[in-house]
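J.: One structure follows; several queries about it will come next.
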Amino acid sequence: MKPLEPQFELLTFYHFVDIPESEIESVCAEHLQFCSDIWLKWRIYIGTEGISSTVSGNLGQCRAYRMYLESTKYFKNIADIEPKATLVSGHQFPKLTVKIRNEIVVLGEKVTQEEVKKYKKEFTPEEFKKILDEGREDDYIILDMRNDYEYRLGHFKGAIPAGTVNFREVPQLLERYRSKANGKKIIWYCTGGIRCEKAAVLANKSGLEDIYAIEGGVVKYVNTFNDGNWLGNLYTFDDRVSTFVGDEKTHTTIGTCLHSGKLTDHCDNCRYTECNARMIVDLGEHKKHMGFCSSDCFEKAINTLLVKDVDWDDIKIGGKQGTYKEIRSLVKNSRMSFSDAQQMVSTHLKKRLWNTTFTHKESQKEGVIQMD
Ligand SMILES: [Zn+2]
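The sequence shown maps to residues 406 to 777 in this note's numbering.
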């Protein structure tokens, strides 16, 4: 008999609630104690603004966590835990961290519960769906506030890439879209919704524009509807990285391979560890380029030996399957000279790459990304 698949859940939620500065430490310590007792993994931020939590656990552990939240003073009745919960095959991260954060999502300015209530403007997934289903997306400016490669992997119909990390950039951003907006309302969205909800509160508070977030972000929408209004895959910060959206009827592929321009849903990182660029790349092309995003990274990797190990690279040490980590440790322990190691890595990689040319010379790394 086949063993039962482990049933794990990924919970991702946030809640703006005022927690007095004097209680932060004890609230945080208690949360950490409970979550580590029941073996949840991943990360939780708690601050005077509230909580932002992304954890994985088996179904029982996640149920216990929900019950725990209901028993606390500040984290009762949190919206959207259920519609944003996702079944996964196991833990999505090896450890648990619970940290005190000045802002639970960093935009350079804090918000209070009162301000959230007063200035929050958002469309529910149902309302947003209606706009897209009726083809009214052109009546709005729909801004995708995630990173560029996340947008390129998948986004809502009619959305424009507008990736911004800091609220201080928002006025400039709006300036850029103001002429386009022409009186239209602006809708913006991000993966889990927290960044855009907070940014909309700050924007409306400072009287910038009529700005709407999408309640629960992309995660709630794609968990609620399977309607093809989301194009492509969804970039997620857990083990899945590129998450399939929809089914064979509604799914589309819009990502294009960094090297070949072929359509692909696959994401990977550059193997030169100092670069580590996140790339949309066809898996076959990725392997063909030995995992490097550019010729620069390939050369730097040889010069520094900083190559991430993958199970499909067959580099040999003394005739046996080896790893780059082993090579670095041989050098470190003076059992191999640096130049011999470089020679070995260079010969191996150049042999694999003799017939391959890189489309990009320079590293394809993008700016720092913000989790939400
Ligand atoms: Zn690179």
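Don't be surprised by glycine CBs; every beta carbon is placed ideally from N, CA and C.
1. CB of K766 to nearest heavy atom of ligand 1: below 8 Å?
2. Considering only residues of the same chain and omitting the five flanking positions on each side of I707, which have a CB-CB separation below 7 Å?
3. Which residues bound the alpha helix (DSSP H) around Y545?
4. Which two residues bound the contiguous alpha helix (DSSP H) that contains E475?
5. Roughly how many angstroms separate the alpha carbons of K713 and F498, rounded to a whole number?
6. Using CA coordinates, which residue listed in E514, K725 and G598 is at the minimum distance from V624?
7. Determine the contact status of C440 and L501, defining contact as a CB-CB distance below 9 Å.
8. Alpha carbons only, please: which of V493, T764 and R557 is nearest the one belonging to F703?
9. Could you give the distance in angstroms between the alpha-carbon of E655 and the alpha-carbon of D632?
10. Using the Cα positions of D777 and N552, report the straight-line distance between them to the nearest angstrom.
11. Could you please give the first and the last residue of the uninterrupted alpha helix (DSSP H) stretch that includes Y524?
12. For R645, which of helix, strand or coil comes out of DSSP?
13. How do the segment 414-422 and the segment 480-496 stand: do at least 3 beta-carbon pairs fall below 8 Å, yes or no?
14. From the DSSP output, which residues share a beta bridge with W717?
15. Taking 8 Å as the cut-off, does the CB of C680 come closer than this to any heavy atom belonging to ligand 1?
16. Give the secondary structure of T658 by DSSP, where H, G and I count as helix, E and B as strand, and everything else as coil.
17. Report the partner residues of L636 according to the DSSP bridge assignment.
18. Quick one, which of D745, L668 and E475 has its alpha-carbon nearest G723's?
19. Reducing DSSP to helix, strand and coil, say where L416 ends up.
20. Measuring CB to CB, does Y389 end up less than 9 Å from F697?
21. Buried or exposed for S647, please, with buried defined as at least 16 other CB atoms from any protein chain shown within 10 angstroms of its CB.
22. Please state the DSSP three-state secondary structure of G588.
23. Is the beta carbon of V606 sitting closer than 9 Å to the one on V736?
24. Flag C672 as yes when its Cβ comes closer than 8 Å to any non-hydrogen atom of ligand 1, and as no otherwise.
25. State yes or no: is the C-beta of D553 nearer than 8 Å to some heavy atom of ligand 1?
26. Could you give the C-beta distance for S548 and G637, rounded to a whole number, given that I count them as a contact under 8 Å?
27. Could you tell me if M684 is buried or exposed, where buried requires 16 or more neighbouring beta carbons within 10 angstroms of its beta carbon?
28. By Cβ distance below 6 Å, which residues in the same chain neighbour I449 in space, the five residues on each side in sequence not counted?
29. Between D714 and ligand 1, is there a pair consisting of the residue's CB and a ligand heavy atom that are separated by less than 8 Å?
30. For the beta strand (DSSP E) that I616 lies in, which residues bound it at each end?
T.: So, from the data block:
1. Locating residue 766 in the sequence shown gives position 361, where the first residue counts as 1. False, no ligand heavy atom lies under 8 Å from that Cβ.
2. Residue 707 sits at position 302 when you count from the first residue of the sequence shown. Q747, V750, S751 and L754, listed in sequence order.
3. Taking the first residue of the sequence shown as 1, we reach residue 545 at position 140. Premise fails: Y545 lies in the beta strand (DSSP E), Y545 to D549, not in any alpha helix (DSSP H).
4. Here residue 475 refers to the residue found at position 70 of the sequence shown. Here the alpha helix (DSSP H) through E475 covers L464 to S476.
5. In the sequence shown, the residue the question calls residue 713 occupies position 308. In the sequence shown, the residue the question calls residue 498 occupies position 93. Answer to the nearest angstrom: the Cα atoms are 19 Å apart.
6. Within the sequence shown, residue 624 is the residue found at index 219, counting from 1. Among E514, K725 and G598, the Cα nearest to that of V624 is on G598.
7. Here residue 440 corresponds to residue number 35 of the sequence shown, with the count starting at 1. Here residue 501 corresponds to residue number 96 of the sequence shown, with the count starting at 1. Yes, they are a contact pair.
8. Along the sequence shown, read from residue 1 onward, the residue named residue 703 stands at position 298. Per the Cα distances, T764.
9. Position 250 of the sequence shown, counted from the first residue, corresponds to residue 655. Position 227 of the sequence shown, counted from the first residue, corresponds to residue 632. Just to set this straight, residue 655 is Thr in the shown sequence, not Glu. Rounded to the nearest angstrom, the two C-alpha atoms are 6 Å apart.
10. Numbered from its first residue, the sequence shown carries residue 777 at position 372. Numbered from its first residue, the sequence shown carries residue 552 at position 147. Its pLDDT being 41, under 50, D777 is placed unreliably in this model, and the coordinates cannot settle the point.
11. Position 119 of the sequence shown holds residue 524. Taken as a continuous stretch (DSSP letters only), the alpha helix (DSSP H) holding Y524 covers Q518 to Y524.
12. Position 240 of the sequence shown, counted from the start, is the residue given in the question as residue 645. Residue state, collapsed to three classes: coil.
13. yes
14. In the sequence shown, the residue the question calls residue 717 occupies position 312. DSSP lists no partner for W717.
15. Sequence index remark: in the sequence shown, residue 680 carries index 275 (1-based). C680 Cβ: within cutoff of ligand 1.
16. The sequence position of residue 658 within the sequence shown is 253, counting from 1. It is coil, neither helix nor strand.
17. Within the sequence shown, numbered from 1, the residue matching residue 636 stands at position 231. Its beta-bridge partners are H560.
18. As a working mapping, residue 723 is identified with position 318 in the sequence shown. For G723, the nearest C-alpha among the options comes from D745.
19. Taking the sequence shown and counting its residues from 1, the one referred to as residue 416 is at position 11. Look at L416 here: in three-state DSSP terms it is strand.
20. The structure shown does not extend to residue 389, since the chain is modelled only from 406 to 777, so the question has no answer here.
21. Indexing the sequence shown from 1 puts residue 647 at position 242. Buried.
22. Here residue 588 refers to the residue found at position 183 when the sequence shown is read from its first residue. Residue state, collapsed to three classes: coil.
23. Within the sequence shown, the letter at position 201 stands for residue 606. Within the sequence shown, the letter at position 331 stands for residue 736. It is not a contact, given that the beta carbons lie outside the stated cut-off.
24. For the purposes of this step, residue 672 is taken as the residue at position 267 of the sequence shown. No, since every heavy atom of ligand 1 falls outside the 8 Å radius drawn around the Cβ of C672.
25. The residue you call residue 553 lines up with position 148 of the sequence shown. No, ligand 1 has no heavy atom inside 8 Å of this Cβ.
26. Indexing the sequence shown from 1 puts residue 548 at position 143. Indexing the sequence shown from 1 puts residue 637 at position 232. In the sequence under discussion, the amino acid at residue 548 is Leu, which differs from the Ser named in the question. The Cβ separation is near 17 Å, so there is no contact.
27. Sequence index remark: in the sequence shown, residue 684 carries index 279 (1-based). Buried, because 16 or more other Cβ atoms sit within 10 Å of the Cβ of M684.
28. By one-based count along the sequence shown, residue 449 stands at place 44. Same-chain partners within the cutoff: S458 and V503.
29. Here residue 714 is taken as the residue at index 309 of the sequence shown, counted from 1. False, no ligand heavy atom lies under 8 Å from that Cβ.
30. For this step, residue 616 is matched to residue 211 along the sequence shown. Here the beta strand (DSSP E) through I616 covers I616 to I619.
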